[in-house]
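These notes concern the structure reproduced below.
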Amino acid sequence: MGTPMTEERVNQSAPERAPREIPPPRRRSRAWVWLLVLAALAYGGWHYRGVFASGSATANPAGGPGRGGGGPVPVVVATATRGDIPIYLRGLGSVSAFNTVTVHSRVDGQLLNISFTEGQIIHQGEILAELDPRPFQVQLEQAEGQLARDTAQLNNALVDLARYTNLFKEGVISEQQAATQQALVNQLQGAIKADQGPIDSAKLNLAYCKITAPITGRIGLRLVDAGNMVRASDPSGLVVITQLQPIAALFSLPQDNLPEVYKRLRAGAHLAVEAYDRDGTTKLASGVLLTIDNAIDSSTGTYKLKAVFNNENNALFPNQFVNLRLLLGSQQGLTIIPATAILRGPNGSYVYAVTKSNTVTVRAVTISIAEGAQVGLSAGLQPGDSVVTDGQDKLQEGTKIELHRAPSAPSAPSAPPANGTKP
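In structure tokens, the structure reads:
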């Protein structure tokens, strides 16, 4: 009986063994995933490189001026010419009517009708409006009646004078009576002359009832309507007429130019003036310089000039702002190239000149005058030389070029003679 108890004790006292832990399954290696990614990237890069290379070869089969191509650079060139470039003085000005007239009535009366249309071109002597003539017709009749009465008295006095003269010769009447009759005749003759004044005045007032245009020009907006009473003292008048043909323009220039302009003007030269729009791109009219002001504006250091234009096409209008160019003369015998060919660097102005081997070389030039899109050179180029006008940003000394020739640089517009005729 002792043995079982011993074994039971042993079993109870012995610690219970923990169950064995099962190790987690080993994680599979993902190296093959990264290998696939790298392989895909490599294939994509190889494929893109092949497509890009084939596209470049198609776009530039001759190995042109692309990166790494080394071919000629396409540029635009122009040929230098020999010519004259005009010298212009420029100023901003405004157009002014050559004459402006505010039409007034010269007599008082009621305005019966208006014969013009606002904005129309009216000619000198045409009827603009008409006043009621009846009051002046009555005055004329009264004056003519007074003249008729005095004329009858004069005729009677002349008859008496002839009779008194015969009686005096016969010794019937005294010399005093004959002299008195002669004085009466003289008095009546003076009265007739006085009567003629009211008659002429009434006729003149009747003529003034028809208001006519004093100048040829453009009619403005009417200031009085028909039916109103108008007076000669009215400050506003009936309408304003502005003369547009010819028309004037006032502009200013720096005082430094005054001696040369004044010298040419005193010599009798008719200096040409051109009017351009506000942008300075569209030519509106051509005219001549009429005169200059008699004083310099000390606040601005400028002086005023007045030019006149025929304005046949009515391109100029009063109070219009315009850019004006005064032709002072011209520089002759210059080498002319487009202004786009000129480049500027630390050492001054230069151009890319084209050599016989279709390469470019840097050529320093001396600019004498620049006018619009043209530049006149006094040194650096000769007529017939070709210069690059577009594409210079890709060039350097000795660069091979592919020529695309532009139209030859036109000669500068021939300047009118300084003593040209007026328009």
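Residue numbers (the working numbering): 109 to 531.
Beta carbons are placed, not taken as given, at the ideal position from N, Cα and C, and that holds for glycine.
If you're wondering where the values come from, they're calculated on a predicted model, not measured in any experiment.
Closest option to ASP342, judged by alpha-carbon separation, among GLN363, THR210, ILE307: THR210. Among the bridge pairs identified by DSSP, LEU435 is matched with TYR196.
Taking each of LEU392, LEU292, ILE222 in turn and checking the Cα distance to ASN264, the smallest one comes out for LEU292.
Contact between the segment 300 to 309 and the segment 243 to 255 is present: three or more C-beta pairs spanning the two stretches fall below 8 Å. Distance from the CA atom of PHE359 to the CA atom of ALA340, rounded to whole angstroms, is 36 Å. TYR460 is bridged by DSSP to VAL470. Leaving aside the five residues that flank LYS412 on each side, the residues in its chain whose CB is nearer than 8 Å to its CB run, in chain order, LEU358, PHE359, SER360, ILE400, ASP401, ASP405. Pairing ASN365 with CYS317, the inter-Cα distance amounts to about 52 Å. Of all C-beta pairs linking the segment 466 to 478 to the segment 493 to 505, three or more are shorter than 8 Å, placing the two stretches in contact.
Using a Cβ distance threshold of 7 Å, GLN261 and LEU296 count as a contacting pair. In this structure, the CA atom of PHE206 is about 14 Å from the CA atom of VAL396. Judged by pairs of C-beta atoms under 8 Å, the segment 470 to 480 touches the segment 449 to 460, as three or more such pairs exist.
Looking at LEU392, LEU314, VAL185, SER204, the one whose alpha-carbon comes closest to that of ARG242 is LEU314. For ALA449, the closest C-alpha among the options TYR460, GLU283, ASN427 is that of TYR460. Within the DSSP secondary-structure output, VAL181 pairs in a beta bridge with ILE509. Per DSSP, SER309 is one residue of the alpha helix (DSSP H) stretching across 283 to 316.
Proximity of the segment 414 to 431 to the segment 374 to 388 meets the contact definition, three or more beta-carbon pairs being nearer than 8 Å. In this structure, PRO354 places its C-beta atom within 7 Å of the C-beta atom of VAL416.
PRO243 carries a helical assignment under DSSP once its states are collapsed to helix, strand and coil.
Shortest Cα-Cα distance from THR259 to any of HIS231, GLN285, GLN351, GLY298 involves GLY298. DSSP lists ASN221, LYS318 as the beta-bridge partner residues of GLU238. Its chain contains ASN207, VAL209, GLN232, ILE349, GLN351 as the residues whose beta carbon lies nearer than 7 Å to that of ILE323, once the 5 sequence neighbours on both sides are disregarded; these appear in chain order.
The beta carbon of SER394 sits closer than 6 Å to those of GLU382, all from its chain and outside the five residues before and after it, given in chain order. Rounded to the nearest whole angstrom, the CA to CA distance from ASP303 to GLU420 is 51 Å. Only residues of its own chain outside the window of five on either side were considered, and among them ALA237, LEU239, VAL332, ALA334, GLY335, ASN336, VAL338 have a CB closer than 7 Å to the CB of LEU219, listed in chain order.
When THR288, THR410, GLU278, GLU510 are compared, the shortest CA-CA separation from LEU200 is found for THR410. By the Cβ neighbour-count rule, PRO367 is exposed, with fewer than 16 other Cβ atoms within 10 Å of its own.
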